[in-house]
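Quick notes on the structure that follows.
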Amino acid sequence: MNLKHLSKEAEMTGQQVPYLLRAARGEALDRPPVWMMRQAGRYMKAYRDLRDRYPSFRERSEIPDVAIEISLQPWKAFQPDGVILFSDIVTPLPGMGVEMDIAEGKGPIIDSPIRTQAQVDQLRPLEPEESLPFIKQILTALRQEVGNQSTVLGFVGAPWTLAAYMVEGKGSKTYSVIKNMAFSDPTILHQLLGKLADSIATYIRYQIDCGAQVVQMFDSWAGQLSPQDYDTFALPYQQQVFKQVKATHPDTPLILLVSGSAGVLERMGKSGADIVSVDWSVDMADARARLGKDVKVQGNIDPGVLFGSKAFIRDRILDTIRKAGNRGHILNLGHGILPLTPEENAAFFFETAKQVDKLLATSTY
Ligand code: CP3
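Every number in the numbering used here is 14 more than the matching position in the sequence shown, counting from 1.
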């Protein structure tokens with residue numbers, strides 16, 4: 015679908031094109047769109063109440079009605095410009111033949127980590143229609159619910175980050191098992207990364223076909239690689255995913271996030287993503303200068319700022335927006351909102367961001 019046509023049609027019928035899509039197209043805006051990573055989650059009482067009724071993460075994310083309700087909790091509370099599907103990056107793994115669970119406070123657990131050639135050979139290419147029918151139901155419902163008031167985001171994990179979970183069997187501080195594979199005999203790992211890239215591209219296309227208007231790829235653990243190893247184990251596979259998706263869905267904006275990305279920011283710009291999600295280890299003005307004018311940016315407020323005073327939160331929003339400029343910027347935190355964040359500060363963040371045109375009226379934006 016061509017966004018320009020969509021916009022013309024929408025303008026002709028008097029409908030509004032949502033802010034996030036306009037920013038992704040590089041339009042000059044009176045304020046940036048705003049959403050938060052992990053905006054549905056433990057800091058919200060409504061989420062904690064529902065979690066008591068559905069204690070397993072897989073139930074919460076795979077029973078369509080529950081996942082829809084959770085995805086819409088922040089939409090109902092704060093009207094963000096982006097509504098992200100409630101799911102997890104490891105959700106597609108069972109469809110490739112890798113059983114997993116998500117443990118409270120720990121994250122993904124894989125009982126039989128993938129470490130041998132035979133295990134890599136046994137992986138199945140993802141067939142999302144078969145293994146992820148609930149994703150279609152969730153995304154369809156979200157699009158219906160938000161209409162053109164907001165933008166529905168899908169997301170996936172990137173090959174390196176999913177491989178890290180598959181090989182380590184769980185989150186890690188040192189990544190020593192996957193680095194042992196990478197730095198001694200990387201043949202098996204490259205095969206795994208290649209297979210993951212193909213299945214992730216298939217999954218992104220499926221999410222777009224089901225209604226996702228923007229898709230974010232999380233390469234959370236690629237910041238654990240030195241830049242030269244990022245060039246070998248992360249970047250080529252990010253490129254493989256984005257190239258495959260762009261071949262069939264050229265008009266859907268794609269975002270890339272890496273945690274702790276200061277050392278690899280320029281490399282992220284070469285991934286084929288339209289938008290680079292920047293974390294707070296980089297000043298937004300520096301990020302703009304380093305990425306150049308063709309790459310759009312998302313971010314980059316420290317999630318810890320939401321533990322600060324209202325005046326501090328407001329000043330950081332204004333500072334970030336001034337540094338990012340009025341084109342091609344999506345206001346967000348540099349990483350997910352933290353579990354103990356006061357809900358009223360999250361509300362203040364959204365309210366302030368949405369009134370920023372008035373707050374900036376006296377200064378140059
Ligand atoms: O942004 C959103 O609102 C969408 C929801 C979302 C979740 N996970 C829900 C979730 C997204 C985008 C993710 C992505 C994800 N999952 C990443 C990439 C983002 C990042 O953090 O860098 C990673 C690395 C994972 C793996 C994972 N899943 C971890 C590390 C954890 C946290 C463990 C914990 O309890 O602290 C999870 C579980 C998880 N996924 C939670 C949420 C809201 C927390 C558990 C819960 O609230 O019930």
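Backbone N, C-alpha and C fix where the C-beta goes; we use that ideal spot for every residue, glycine too.
Here the region 89-100 makes no contact with the region 115-125; the two share fewer than three CB pairs at distances below 8 Å.
Residue burial is scored here from C-beta neighbours: T130 has fewer than 16 other C-beta atoms within 10 angstroms and is therefore classed as exposed. Within the same chain, P32, Y33, L34, P47, V48, W49, S164, T165 come within 7 Å of D95 by CB-CB distance, once the 5 residues on both sides are set aside. Per the DSSP secondary-structure output, T165 pairs in a beta bridge with G96. Rounded to the nearest angstrom, the Cβ distance from P106 to L153 is 14 Å, too far for a contact under 8 Å. Annotated three-state conformation of A248 is coil, per DSSP. Under the three-pair Cβ rule at 8 Å, the region 257-264 does not count as touching the region 181-201.
One alpha carbon belongs to A132, the other to L206, and they sit about 11 Å apart. For V134, the enclosing alpha helix (DSSP H) stretches over residues 131-136.
When only Cα atoms are considered, P267 and I222 end up about 10 Å apart. Ranking R341, D125, L249 by CA distance to the CA of G40 puts R341 first. If the five residues before and after D44 are omitted, its C-beta is found closer than 6 Å to the C-beta atoms of D371, all from its own chain and listed in chain order.
Remark: the C-beta of F148 is outside contact range of the ligand CP3, defined as less than 7 Å to any heavy atom. Residue environment analysis places P69 among the exposed positions, since fewer than 16 neighbouring C-beta atoms fall within 10 angstroms of its C-beta. Note that the C-beta distance between M231 and L270 is below 8 Å. In the same chain as S291, and ignoring 5 residues on each side of it, the C-beta atoms closer than 6 Å to its own belong to I269, L271, Q312, G313, in chain order. In this structure, the C-beta of E118 approaches the ligand CP3 to less than 7 Å from one of its heavy atoms.
Measuring C-alpha to C-alpha distances from M51 to each of G168, A338, A178 identifies G168 as the nearest. Selection Y61, D125, V134, F363 evaluated against E182 yields D125 as nearest (Cα-Cα). Counting only residues of its own chain and dropping the five nearest sequence neighbours on each side, R138 has a CB closer than 8 Å to the CB of G109, M110, G111. For S145, the closest of E113, W174, K59 by C-alpha to C-alpha distance is E113. DSSP places F232 in the uninterrupted beta strand (DSSP E) bounded by 228-232. In this structure, F256 places its C-beta atom within 8 Å of the C-beta atom of A287. Separation of A177 and L374 (C-alpha to C-alpha, rounded to the nearest whole angstrom) is 44 Å. Just measuring C-alpha positions, the residue of R157, I149, A236 sitting nearest Y189 is A236. Runs of the beta strand (DSSP E) lying entirely within the region 276-319, each at least 3 residues long, are 289-292, 310-315 in chain order.
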